[in-house]
Amino acid sequence: MMRILILLVLLALTSMASPVCAHAGETVLASWYGFESGSRTANGERFNPHGLTCAHRSLPFGTRLQVSYRGRSVVCRVNDRGPAKWTGRSVDLSLGAARAIGMADAGVGRVTIERTD
Numbered sequence: 129m130m131r132i133l134i135l136l137v138l139l140a141l142t143s144m145a146s147p148v149c150a151h152a153g154e155t156v157l158a159s160w161y162g163f164e165s166g167s168r169t170a171n172g173e174r175f176n177p178h179g180l181t182c183a184h185r186s187l188p189f190g191t192r193l194q195v196s197y198r199g200r201s202v203v204c205r206v207n208d209r210g211p212a213k214w215t216g217r218s219v220d221l222s223l224g225a226a227r228a229i230g231m232a233d234a235g236v237g238r239v240t241i242e243r244t245d
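Using the working numbering, you'd call the opening residue of the sequence shown number 129 and step up by one each time.
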């Protein structure tokens with residue numbers, strides 16, 4: 129009986145993890161990553177720091193997100209996993225995506241994300 133209770137608690141806790149879909153207009157903390165990340169992304173493709181891509185912990189690869197920062201927006205494609213859970217960040221943008229919205233100098237910023245597909 130105790131094992132079943134523990135399993136139910138674990139199931140409830142994992143279902144409360146970060147949502148699989150980005151809600152319309154969800155504001156989250158984002159950062160960017162560039163040349164230090166390695167040569168391959170989690171989905172196996174070559175990482176292009178100048179591309180319009182991003183990393184998210186749970187959204188499916190290929191998901192397109194519109195990311196807005198201080199009045200500028202870019203649509204980027206999820207092709208990697210991250211950021212690490214302990215950072216408090218929800219999205220890691222490629223350097224190219226961060227530059228497109230003017231967030232590269234800041235390094236970290238509050239962005240609004242919305243799924244476009």
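The C-beta atom is built at its ideal place from N, Cα and C for all residues, glycine as well. This structure is a prediction, so every number in the text was calculated from the model and none was measured.
Residues bridged to residue i (per DSSP)
i      : result
GLY237 : ALA158
ALA170 : ALA170 pairs with nothing; no bridge assigned.
ASP208 : ALA183
Helix, strand or coil at residue i [DSSP, three-state]
i      : result
SER146 : Caution is warranted here: a pLDDT of 42 is assigned to SER146, below 50, making its placement in the model unreliable, and the coordinate value is therefore given only provisionally. Coil.
LEU133 : Note that LEU133 scores a pLDDT of 46, beneath 50, so its modelled location is shaky and nothing firm can be said.
ILE229 : coil
ALA140 : Only weak support is given to the placement of ALA140: the predicted model assigns it a pLDDT of 46, under 50, and the value that follows is read from those uncertain coordinates. Reduced to three states, the DSSP call for ALA140 is helix.
THR215 : helix
LEU223 : helix
Identity of the residue in the options nearest residue i by Cα
i      : options                        : result
GLY235 : THR169, LEU180, TYR197         : TYR197
ARG200 : ALA158, PRO177, THR240, ASN171 : THR240
PRO177 : ALA226, ASP233, MET231, GLY230 : ALA226
HIS184 : GLY172, GLY210, TYR161, GLY224 : GLY210
LEU223 : GLY216, ALA212, VAL202         : VAL202
ALA81  : ARG174, PHE189, ARG217         : Given a span of 129 to 245 for the chain in the structure shown, any question on residue 81 remains unanswerable.
GLY153 : ASP233, VAL195, TYR161, VAL219 : VAL195
PHE189 : PHE175, LEU180, ASN171         : ASN171
Rounded Cβ spacing between residue i and residue j (contact assumed at less than 8 Å)
i      : j      : result
ARG238 : THR155 : 6 Å
LEU187 : VAL206 : 5 Å
ALA232 : TRP160 : 6 Å
Contact check, residue i vs residue j, beta carbons under 9 Å
i      : j      : result
ASP245 : THR169 : no
PHE175 : ASP208 : yes
Residue-chain proximity (residue i, chain C), Cβ-Cβ < 9 Å
i      : result
TRP214 : Among the chains of the structure shown, chain C does not appear; only one protein chain is present.
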